[in-house]
Amino acid sequence: MVKLMDLCDYAPVYIRSIAPYQPGKPISELARELGLNEADIVKLASNENPLGISPKAAAAIPAAIGELARYPDGSGYELKQALGSKLGVTASSIVLGNGSNDVLEMAARAFLAPGLKAVYAQHAFAVYPLATQACGAIGVEVPARDYGHDLAGMLRAIDQDTRVVFIANPNNPTGTFVAPGEMHAFLRQVPAGVLVVLDEAYQEYLPAELRADSVAWLSEFPNLVITRTFSKIYGLAGLRLGYALAHERVADLMNRVRQPFNANSIALVAAVAALNDEAFIQRSRDVNFEGMAYLTEGFKRLELTYIPSQGNFISVRVGDGAEVFRRLLKRGVIVRPIAGYGLPQHLRVTIGMPTENERLLRALEDSLHE
Ligand SMILES: *Cc1c(COP(=O)(O)O)cnc(C)c1O
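Numbering that gives the first Met the number 0 puts the first residue of the sequence shown at 0, with every later residue one more than the last.
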């Protein structure tokens, strides 16, 4: 009989060496550990919308419950129609995912294989190296410039084995942003045989003057994939829904590696409703903008430096990130240590509601003086 140890040794070495993704600590877990009420815990760790779910999405969900015995619409017809008319794209250029993580993985699986390469930046979103490694491909990490993407360096890193470039704009966990003009100039220089995955999970948080019509670039660059999510400004992180926009032929390839029913029925219905909840989106943007101003003022008062962010989060330099993280936990505040992103001196803080931001600042001040 083969022992389990031996069995696992047969898994490809590139799978066995994957470092598992570290999610934010759940509220329920810290409540158990500290013997606290869940209501007394502030979680600013996973860039969720502090306003909660879009009211229109919440109102649409009960009607979907009656249909749960049936499989979801595997083509996501209604949502693709809604996205298509909002964004001006055809349904066949949209790929739906179980979260945008799912579509990022589909892009990797459709274009990467052992021996091929993906290029991404230092301090970039953790899913890019994970998805690359799961395909047995080689990840090429390009050193950051001022914590952000060095696009010239990324261009130089592309060689004949490169098939994918991942760019988050704004980036998580740094919040850095590449201006539309620079991004467009970059796209013009990337070889046509290299897929550029432009991850716009935080696009809706950008102030109008920074927001590019990146969707219009799709007709100019058939090698561009734009990914977006319902997990952030739309407040549906728990339902898992994201999407990719791509040239129809690229979308077709991605759909071939997609699980047939990856987007669930409730998520599909809630997303259609959330998509057009303009009042909620605007309120979410306002809450974020005010919270960002409040926190950056607070950090200045505490003489802490931070990386200016265009997302719904901000990374602040606290010295020993792991230690300050633990001190904040003791005070019932969960943030995100980002040593795994090469930033051991920083903590990433999601912008919360005013009372949550106040709790964070007070706990941070206490932690620094402990
Ligand atoms: C949060 C986030 C996502 C979205 O993940 P989902 O799977 O859609 O919840 C994608 N990219 C980045 C950079 C993110 O920070």
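Ideal Cβ placement from N, Cα and C applies to all residues, glycine included.
query = If you run the structure through DSSP and keep just helix, strand and coil, what is HIS368?
reply = helix
Per DSSP, what kind of secondary structure is HIS122 in: helix, strand or coil? coil
*Compute the beta-carbon to beta-carbon distance between ILE337 and ARG347, rounded to the nearest angstrom, for a pair I have assumed lies under 8 Å.*
Between ARG347 and ILE337 the Cβ distance is about 5 Å, and since that is below 8 Å, they are a contact.
DSSP state of VAL249, grouped into three classes?
-> helix
Worksheet entry | Closest by C-alpha distance to SER27, when choosing among ASN97, GLU247, ASN261 and LYS42 | LYS42
Could you work out which residue in GLU77, LEU205, GLY318 and MET352 is closest to ARG307 when comparing CA atoms only? Strictly speaking, residue 307 in this sequence is Pro, with Arg absent from that position. Nearest option by C-alpha distance: LEU205.
If you follow the alpha helix (DSSP H) that ASP285 is in, where does it begin and where does it stop? 277-300
Beta-carbon distances below 5 Å to any heavy atom of ligand 1 define the shell here; list its residues in chain order, please. In chain order, the residues positioned with their C-beta nearer than 5 Å to some heavy atom of ligand 1 are GLY98, SER99, ASN100, PHE124, ALA167, ASN171, ASP198, ALA200, THR228, SER230 and GLY241.
| said: Taking the alpha-carbon of GLU302 as reference, which of ILE313, GLY320, LEU327 and LEU367 has the nearest alpha-carbon? | reply: LEU367
Check: Tell me the DSSP bridge mates of LEU194?
Finding: VAL163
Between the stretch 49-64 and the stretch 222-235, do at least 3 Cβ pairs fall closer than 8 Å? yes
Quick check: the Cα distance between GLN319 and PRO25, rounded to an integer number of angstroms? Looking at the sequence provided, one finds Asp at residue 319 rather than Gln. Their Cα atoms are separated by approximately 22 Å.
*Look at the alpha carbon of TYR13 and the alpha carbon of LEU342, and state the distance between them as a whole number of angstroms.*
Rounded to the nearest angstrom, the two C-alpha atoms are 25 Å apart.
Legend entry - Selected residue, minimal CA-CA separation from ASN311, among PRO190, PHE176, LEU95 and ALA362: Of all alpha-carbon atoms in PRO190, PHE176, LEU95 and ALA362, the one lying nearest the alpha-carbon of ASN311 is that of PHE176.
- [ ] Classify ALA334 as helix, strand or coil using the three-state DSSP reduction.
- [x] For the record, residue 334 in the displayed sequence is Val; it is not Ala. Coil.
- Query: Helix, strand or coil: how does DSSP classify HIS345 here?
  - Reply: strand
- Message: On the DSSP letters alone, give me the boundaries of the alpha helix (DSSP H) that VAL323 sits inside.
- Response: 320-329
DSSP three-state assignment for ILE14, whether helix, strand or coil: helix
Identify the continuous beta strand (DSSP E) that holds LEU95 and give its terminal residues.
93-96
Practice task
Can you say whether LYS191 is buried or exposed, counting buried as having 16 or more other CB atoms within 10 angstroms of its CB?
Solution key: In the sequence on display, residue 191 carries Ala and not Lys. That one is exposed.
ask   = Where DSSP assigns a beta bridge to PHE312, which residues make up the other side?
value = PHE312 is bridged by DSSP to THR349.
Point to revise | Which of helix, strand or coil DSSP assigns to THR228 | key: strand
Taking 8 Å as the threshold (C-beta atoms), are GLU47 and THR349 in contact? yes
- In whole angstroms, what separates the C-alpha of GLY331 from that of LEU33? 8 Å
query: Per DSSP, what kind of secondary structure is VAL139 in: helix, strand or coil?
result: strand
field: Meets three-Cβ-pair contact criterion under 8 Å: the stretch 78-98 and the stretch 252-266
entry: yes
Q) Contact between the stretch 157-173 and the stretch 129-147: three or more CB pairs below 8 Å? A) yes
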